[in-house]
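Enquirer: Once you've had a glance at the structure underneath, I'll fire off some questions.
Chains as they are written, first to last, in our numbering: chain A, 384 to 959; chain B, 15 to 609.
Set out below in structure tokens:
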């Protein structure tokens with residue numbers, strides 16, 4: 384092992400399921416299996432949450448844009464808890480209902496999972512945690528901003544945003560006013576990312592803002608038949624994103640102007656961060672609704688320059704802007720660099736951009752097979768993840784239209800319902816549509832928006848929490864991933880004690896190396912489990928793990944067994 | 015109204031029942047009921063008309079298949095025009111069952127399938143069309159595009175080439191070949207082909223993008239960059255007379271509204287205004303169309319027409335905050351401030367959270383001289399948007415003008431601290447005003463820092479050099495003040511104020527290393543030659559004193575005193591006289607601007 388901390392690392396085995404996997408078994412064959420890949424276990428596990436969108440017939444645009452969700456371990460007990468974002472009454476004279484608040488669900492793992500493993504058990508601890516989030520919510524960013532080991536929450540709202548500090552005792556404190564100027568931004572925010580653009584060992588905050596909607600300037604739009612419909616983004620002006628620099632103690636100062644991002648407004652809906660151009664400085668990619676997307680290249684001096692056009696990331700292959708919503712960044716084709724996946728509007732395709740190794744991208748949607756199946760759907764939350772742990776990244780997309788679907792008029796809920804989709808990675812940036820085998824919940828049309836990805840039941844495969852507009856949230860429990868081997872890597876601790884988001888984890892088995900981003904951003908309005916979960920197929924290991932930190936330092940671990948999570952922390956001075 | 019809707023739906027249900035029960039051809043699947051709720055009357059009537067024709071035929075014993083096919087086809091076309099895909103699909107399929115030779119409906123059905131994501135079905139229909147002798151060229155192009163999107167590059171290439179054989183001017187087919195070349199990594203061919211596309215259809219400005227990426231792949235970065243700069247939103251158009259003919263079915267304002275919104279989005283306000291005007295003509299009761307027309311006219315530089323449209327809107331909808339705002343803004347731009355103020359005030363009454371209305375109201379009130387009211391309006395705006403630097407800046411500047419320096423300072427500092435950026439001019443003026451305010455409050459070091467920020471942004475601003483130097487002096491930073499004045503004079507050698515300030519500082523600084531009597535005298539004489547004033551004359555005297563030439567200093571000071579008496583400047587006499595006494599006593603001055 385080497386790296387900035389010398390060879391003094393402690394490898395902590397956090398959880399494992401080695402009893403469930405046979406060390407010598409072959410990779411689970413992709414045969415037609417009657418068992419669904421995902422099952423909805425929200426109700427059974429106690430994740431009972433009904434989103435209220437405040438729709439009143441006025442067709443206010445915000446009412447159909449939420450909600451997001453977060454998977455994070457707020458109490459530090461090693462399993463993922465859930466935060467779900469709530470709406471509120473809408474309108475110029477609407478009184479907020481104090482009962483409509485975001486909700487926090489604590490996970491108390493219990494028996495009942497696949498193969499005798501654990502299953503999530505959720506308990507609503509909103510009141511106990513002191514969370515009163517009654518502004519109309521859109522998204523949530525979770526992460527440890529003050530290096531105390533407990534993730535804090537930044538709430539992206541329609542109206543003043545909120546910053547809740549995790550006290551570490553199971554409760555949160557609203558520190559919006561004291562933690563920094565501008566954190567209570569009142570613009571229509573969607574979500575954001577915690578990352579370390581200045582590589583000073585703490586997490587700074589990038590917040591994406593959407594449109595300058597206000598009830599006083601609510602516009603009424605219509606379909607070609609003249610029937611009322613939701614407006615598109617062109618009805619309002621885009622807003623600039625925000626960047627807050629962490630002072631190192633979890634308080635922030637606005638840095639958007641200095642960084643050069645404040646004079647480029649745009650209708651931002653998604654954001655991912657990572658070293659896109661390979662210069663060891665984390666860049667930012669922002670998905671913009673119906674306008675060219677932004678690639679903010681980090682110059683390493685506190686400023687960013689927007690260079691999406693030449694990078695080949697602003698538009699689709701035809702040179703047309705698309706309505707970008709959901710987003711993820713990871714190494715799709717296993718060539719060592721980060722690729723991008725974006726979800727789009729009905730009658731556009733979802734888009735896959737493959738990195739050519741030099742920060743220049745090509746639109747690989749056509750050969751990927753992702754285009755035609757996505758044409759009919761409007762995609763929001765998404766992730767590049769490996770649901771079957773075969774070592775190849777797959778994709779899940781949750782959908783929901785933004786224009787009224789006439790055939791759904793009169794049905795309960797907003798007439799924007801569409802089914803979810805699952806794509807299986809075939810390697811080399813190619814995919815096939817596996818929605819028909821994904822499970823019955825994938826056939827239920829819903830207005831799905833946020834999706835948070837993470838291993839909720841700690842069984843070594845990714846599950847999904849889906850934030851549905853105007854109806855109940857879903858917990859899609861993975862029933863397939865346990866058939867293969869895996870290894871999980873937690874974010875490193877930085878010198879300051881905060882978690883080091885943005886690390887690239889490489890896992891080698893035999894002659895094959897798989898790289899995964901250790902980050903929690905992406906999807907839509909949501910926060911994912913930051914742990915990298917790397918599927919190994921039938922290869923039981925041991926595996927070689929190498930971590931490339933954002934600052935370029937590499938940490939190599941001696942071969943370790945598979946089917947476990949690992950946390951790598953610096954040894955304190957004097958420790959052996 | 016509810017009863018009317020129910021009656022209407024019941025009527026439609028009856029029509030549908032008749033269609034189903036009276037089907038002359040029993041094998042034809044039933045038509046899904048088109049969702050008519052909320053549609054404009056003109057559109058609904060157009061659909062009902064097509065359905066009534068069909069119903070009449072289905073009721074009529076012995077109706078010919080050809081007649082029925084035409085009725086189904088027309089209903090299919092009408093519903094397809096309005097995006098009612100389910101009804102359109104079944105209607106067109108029924109029409110084709112009755113009249114399989116009607117290529118036009120086959121084509122529409124294929125386009126519908128493609129629009130609705132049923133690509134295999136669309137491809138099958140288009141291939142049938144493509145196999146006909148003298149095929150319809152747009153069908154070939156669409157077939158090429160379908161195959162391209164499904165990664166069937168060889169088939170796509172074949173159909174594009176076939177389209178070009180049929181019509182060498184089919185630019186969309188050429189474009190398709192260029193995109194195939196790009197997909198295959200044949201970038202040289204992609205460049206050549208896409209350049210031909212642009213030569214044939216320069217309005218297809220979106221093509222500059224794939225062309226630029228192909229050039230990038232060839233390593234020709236500069237050419238790539240120049241094409242990126244030319245990139246626009248113009249798409250490659252398929253010349254498609256059959257689809258164009260569907261416009262004859264259009265009724266109502268919706269289609270025109272969509273076109274107008276799209277043109278607005280693409281930054282083509284004149285085109286948008288044209289579309290919105292058609293929407294207003296199609297549906298005079300459509301207030302949104304009128305509002306959109308007003309906005310498009312305003313954006314196209316036709317304020318009078320826009321104003322007239324907004325006035326009409328306000329007659330019909332007197333409680334529209336946006337229309338009051340837009341009217342107010344247009345009036346303000348034309349200098350009709352009183353009427354503008356009234357409309358803007360009304361907008362804020364109707365929508366108390368309407369930030370833009372408060373901001374504009376504050377602006378107009380400021381122009382009419384109602385500064386207190388303007389500051390109140392700006393305060394309300396700042397409450398609504400505390401993170402908006404422009405709003406905070408407006409409030410701060412108004413507070414400064416109403417004589418509330420401390421509040422103004424706080425507000426302007428908040429404007430600069432906010433995470434958004436101010437436009438460069440605004441940013442500079444905010445920092446300048448802040449510097450002045452800080453200076454007036456005795457916060458000289460802070461003032462000097464703010465002046466320095468102004469100079470970073472505008473190194474040719476005399477006031478900023480002067481203000482910074484004075485602030486530094488007052489903060490007892492004489493060397494830094496001298497440096498600032500030196501820099502300013504180097505940058506602005508014509509500036510009398512800076513030359514004079516430097517002369518006086520060099521003559522009177524407390525710190526010996528800052529003083530330079532010779533240079534002070536040179537500069538002071540230059541200033542005096544340019545403009546003989548009391549302060550300038552005094553500075554000559556001060557410089558002479560610094561050089562120990564006290565007799566000359568006394569002579570200059572006495573002349574200054576005489577001049578002050580002649581000009582009636584009695585208030586200046588005590589200081590002038592006090593300094594005279596110092597010169598007479600052989601003492602130089604060590605306080606450049608009084609105390």
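Each residue gets a CB set at the ideal place from its N, CA and C atoms; glycine is no exception.
Small disclaimer: the values here were computed from a predicted structure and weren't measured.
1. Is there a C-beta anywhere in chain B that falls below 8 Å from the one on residue 568 of chain A?
2. Using beta carbons (cut-off 8 Å, strictly below), is residue 359 of chain B in contact with chain A?
3. Would the beta-carbon of residue 127 of chain B fall within 8 Å of that of residue 136 of chain B?
4. Quick one: grab the DSSP three-state call for residue 930 of chain A.
5. Are residue 267 of chain B and residue 297 of chain B closer than 8 Å when you measure CB to CB?
6. Between residue 663 of chain A and the rest of its own chain, which residues show a CB-CB distance below 6 Å, the 5 nearest in sequence each way excluded?
7. Hey, residue 910 of chain A and residue 523 of chain A: beta-carbon distance below 8 Å or not?
8. Would you mind sorting residue 299 of chain B into buried or exposed? The rule is 16 or more other CB atoms within 10 Å of its CB.
9. I need the straight-line Cα distance from residue 639 of chain A to residue 352 of chain B, nearest angstrom please.
10. With residue 220 of chain B and residue 245 of chain B assumed to form a contact (beta carbons below 8 Å), what rounded beta-carbon distance in angstroms separates them?
11. Quick one: is residue 905 of chain A buried, meaning 16 or more other Cβ sit within 10 Å of its Cβ, or exposed?
12. Three-state secondary structure (DSSP) at residue 12 of chain B?
13. Just reading off the alpha helix (DSSP H) that residue 521 of chain A is part of, what are its end residues?
14. In terms of alpha-carbon separation, which member of A/535, A/749, A/667 lies closest to residue 742 of chain A?
15. Which chain A residues sit within Cβ distance under 7 Å of residue 268 of chain B?
16. Do you know how far the Cα of residue 623 of chain A is from the Cα of residue 688 of chain A?
17. What number of angstroms, rounded off, separates the C-alpha of residue 611 of chain A from the C-alpha of residue 53 of chain B?
18. Give the DSSP bridge partners of residue 834 of chain A, in chain order.
19. What is the DSSP secondary structure of residue 583 of chain A, reduced to helix, strand or coil?
20. So residue 857 of chain A is in the beta strand (DSSP E); what residue range does that whole segment cover?
21. Can you name, in chain order, every residue of its own chain whose Cβ lies under 7 Å from the Cβ of residue 893 of chain A, other than the five neighbours on each side?
22. Suppose you measure from the CA of residue 763 of chain A to the CA of residue 441 of chain B; what does that come to, to the nearest Å?
23. In the DSSP output, what is residue 765 of chain A paired with across the bridge?
24. Tell me which residues of the region 398 to 416 of chain B have at least one Cβ-Cβ distance to chain A shorter than 9 Å, keeping chain order.
25. Using a threshold of 8 Å, state whether the C-beta atoms of residue 840 of chain A and residue 492 of chain A are closer than that.
26. Reducing DSSP to helix, strand and coil, say where residue 398 of chain A ends up.
27. Starting from the C-beta of residue 532 of chain B, find all residues in its chain whose C-beta is less than 8 Å away, skip the five residues before and the five after it, and write them out in chain order.
28. Could you work out which residues of chain B lie near residue 743 of chain A, taking near to mean beta carbons separated by less than 9 Å?
29. How far does the alpha helix (DSSP H) with residue 104 of chain B in it reach, from first residue to last?
30. Taking the C-alpha atoms as reference points, what is the distance between residue 462 of chain A and residue 862 of chain A?
31. Measure the beta-carbon distance from residue 565 of chain A to residue 626 of chain A and round it to whole angstroms, keeping in mind my assumption that it falls under 8 Å.
32. Using CA atoms only, rank isn't needed, just tell me which of A/907, A/899, A/945 is closest to residue 930 of chain A.
33. Does any residue of chain B bring its CB to less than 8 Å from the CB of residue 556 of chain A?
34. Using only CA atoms, which one of B/317, B/496, B/123, B/202 lies nearest to residue 530 of chain B?
35. For a quick check, are the C-beta atoms of residue 727 of chain A and residue 705 of chain A less than 8 Å apart?
36. With 8 Å set as the bound, which would you pick, yes or no: does the beta-carbon of residue 133 of chain B sit closer than that to a beta-carbon of chain A?
Expert: The answer reads as follows:
1. Within the first chain, residue 568 of chain A is the residue found at index 185, counting from 1. Taking Cβ atoms only, chain B reaches closer than 8 Å to residue 568 of chain A, which makes this a yes.
2. Your numbering for residue 359 of chain B matches position 345 in the second chain. With 8 Å as the cut-off, residue 359 of chain B does not count as an interface residue toward chain A.
3. On the second chain, position 113 is the one that residue 127 of chain B refers to. On the second chain, position 122 is the one that residue 136 of chain B refers to. Cβ distance < 8 Å, so residue 127 of chain B and residue 136 of chain B count as in contact.
4. The sequence position of residue 930 of chain A within the first chain is 547, counting from 1. Three-state result, residue 930 of chain A: strand.
5. For the purposes of this step, residue 267 of chain B is taken as residue 253 along the second chain, with counting starting at 1. For the purposes of this step, residue 297 of chain B is taken as residue 283 along the second chain, with counting starting at 1. In this structure, residue 297 of chain B lies closer than 8 Å to residue 267 of chain B by Cβ.
6. Along the first chain, read from residue 1 onward, the residue named residue 663 of chain A stands at position 280. Closer than 6 Å at the Cβ level, and outside the excluded window around residue 663 of chain A, lie 935.
7. Your numbering for residue 910 of chain A matches position 527 in the first chain. Your numbering for residue 523 of chain A matches position 140 in the first chain. Closer than 8 Å, so yes.
8. Indexing the second chain from 1 puts residue 299 of chain B at position 285. When all chains shown are included, residue 299 of chain B counts as exposed.
9. By one-based count along the first chain, residue 639 of chain A stands at place 256. By one-based count along the second chain, residue 352 of chain B stands at place 338. Computed Cα separation, rounded: 38 Å.
10. One-based indexing of the second chain puts residue 220 of chain B at position 206. One-based indexing of the second chain puts residue 245 of chain B at position 231. Right, the Cβ-Cβ distance comes to about 7 Å (below 8 Å), so this counts as a contact.
11. By 1-based counting over the first chain, the position of residue 905 of chain A is 522. Label assigned to residue 905 of chain A: buried.
12. The first residue shown for chain B is 15 and the last is 609, placing residue 12 of chain B beyond what the model contains.
13. Walking along the first chain from the start, residue 521 of chain A turns up at place 138. That residue, residue 521 of chain A, is in no alpha helix (DSSP H); its beta strand (DSSP E) goes 520 to 526.
14. Counting from 1 along the first chain, the entry for residue 742 of chain A is found at position 359. Out of A/535, A/749, A/667, A/667 has the C-alpha closest to the C-alpha of residue 742 of chain A.
15. Here the question's residue 268 of chain B lines up with position 254 in the second chain. Simply 605, 606, 607, 608, 609.
16. Within the first chain, the letter at position 305 stands for residue 688 of chain A. Within the first chain, the letter at position 240 stands for residue 623 of chain A. In a straight line, the C-alpha of residue 688 of chain A is about 14 Å away from that of residue 623 of chain A.
17. On the first chain, position 228 is the one that residue 611 of chain A refers to. On the second chain, position 39 is the one that residue 53 of chain B refers to. Distance between the alpha carbons of residue 611 of chain A and residue 53 of chain B: 8 Å.
18. The sequence position of residue 834 of chain A within the first chain is 451, counting from 1. Per DSSP, A/849.
19. Here residue 583 of chain A refers to the residue found at position 200 when the first chain is read from its first residue. Residue 583 of chain A: coil per DSSP, three-state reduction.
20. Along the first chain, one-based indexing puts residue 857 of chain A at 474. Counting along the chain, the beta strand (DSSP E) containing residue 857 of chain A begins and ends at 857 to 861.
21. The residue you call residue 893 of chain A lines up with position 510 of the first chain. Closer than 7 Å at Cβ, skipping near neighbours: 922.
22. By one-based count along the first chain, residue 763 of chain A stands at place 380. By one-based count along the second chain, residue 441 of chain B stands at place 427. When rounded, the distance between both Cα atoms is 37 Å.
23. The residue given as residue 765 of chain A occupies position 382 in the first chain. Paired residue(s): A/780.
24. 398, 399, 400, 401, 402, 403
25. For the purposes of this step, residue 840 of chain A is taken as residue 457 along the first chain, with counting starting at 1. For the purposes of this step, residue 492 of chain A is taken as residue 109 along the first chain, with counting starting at 1. Cβ distance < 8 Å, so residue 840 of chain A and residue 492 of chain A count as in contact.
26. Within the first chain, the letter at position 15 stands for residue 398 of chain A. In this predicted model, residue 398 of chain A has a pLDDT of only 47, less than 50, meaning its place in the structure is not dependable; the value taken from the coordinates is given anyway. It is a strand residue.
27. If you number the second chain from 1, residue 532 of chain B lands on position 518. Closer than 8 Å at Cβ, skipping near neighbours: 561.
28. In the first chain, counting from the first residue as 1, residue 743 of chain A sits at position 360. Result: 227, 230, 231.
29. Working through the second chain from its first residue, we reach residue 104 of chain B at position 90. Element bounds for residue 104 of chain B: 99 to 112.
30. What you label residue 462 of chain A is simply residue 79 of the first chain in a count that begins at 1. What you label residue 862 of chain A is simply residue 479 of the first chain in a count that begins at 1. Their Cα atoms are separated by approximately 18 Å.
31. If you number the first chain from 1, residue 565 of chain A lands on position 182. If you number the first chain from 1, residue 626 of chain A lands on position 243. No, residue 565 of chain A and residue 626 of chain A are not in contact; Cβ-Cβ is about 10 Å, not under 8 Å.
32. As a position in the first chain, residue 930 of chain A is number 547, starting the count at 1. Checking every option, the nearest Cα to that of residue 930 of chain A belongs to A/899.
33. Here the question's residue 556 of chain A lines up with position 173 in the first chain. Cβ-Cβ to chain B under 8 Å: no for residue 556 of chain A.
34. Position 516 of the second chain, counting from 1, holds the residue named residue 530 of chain B. Residue B/496 is the option with its Cα nearest to residue 530 of chain B.
35. As a position in the first chain, residue 727 of chain A is number 344, starting the count at 1. As a position in the first chain, residue 705 of chain A is number 322, starting the count at 1. Yes, they are a contact pair.
36. For the purposes of this step, residue 133 of chain B is taken as residue 119 along the second chain, with counting starting at 1. Yes, because at least one Cβ of chain A sits closer than 8 Å to the Cβ of residue 133 of chain B.
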